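In our numbering, the protein residues as written are 36 to 131.
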């Protein structure tokens, strides 16, 4: 991941912990030759926080959110345009 992206991402993490990113010189702490995980650990050590232990959404959390969003979208589609949803098309085919 490019250094600028790492700095931005780490800034969002700090902001989520109520630490203003401007108060930490992330550009100086992030080493472009290291990966994101290594920089995450290094920045955490520099400011005295275990940034990896934060309650960040995991892959499975994100998948669950996406599944819920899909279910809501599917319900709205069935309500607004029943014939456009997969279940609505199946039902229409059965009724033909």
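The beta carbon of each residue, even a glycine, is placed where N, CA and C say it ideally should be. It should be emphasised that the depicted structure is a prediction, and the values quoted were computed from it without experimental measurement.
Indicate the three-state DSSP secondary structure (helix, strand or coil) for residue i in the structure shown.
i	result
residue 37	coil
residue 109	helix
residue 126	helix
residue 118	helix
Between the C-alpha atoms of residue i and residue j, what's the straight-line distance to the nearest angstrom?
i	j	result
residue 43	residue 109	34 Å
residue 47	residue 69	19 Å
residue 51	residue 78	15 Å
residue 67	residue 38	5 Å
residue 54	residue 107	34 Å
residue 98	residue 36	22 Å
residue 130	residue 75	57 Å
residue 113	residue 100	20 Å
residue 49	residue 103	28 Å
residue 56	residue 62	10 Å
residue 59	residue 84	13 Å
Does the beta-carbon of residue i have 16 or more other beta-carbons within 10 angstroms, so that it is buried, or is it exposed?
i	result
residue 115	exposed
residue 41	buried
Entirely enclosed alpha helix (DSSP H) segments - the region 41-104, minimum 4 residues
Here the runs fully enclosed are 61-64 and 71-82.
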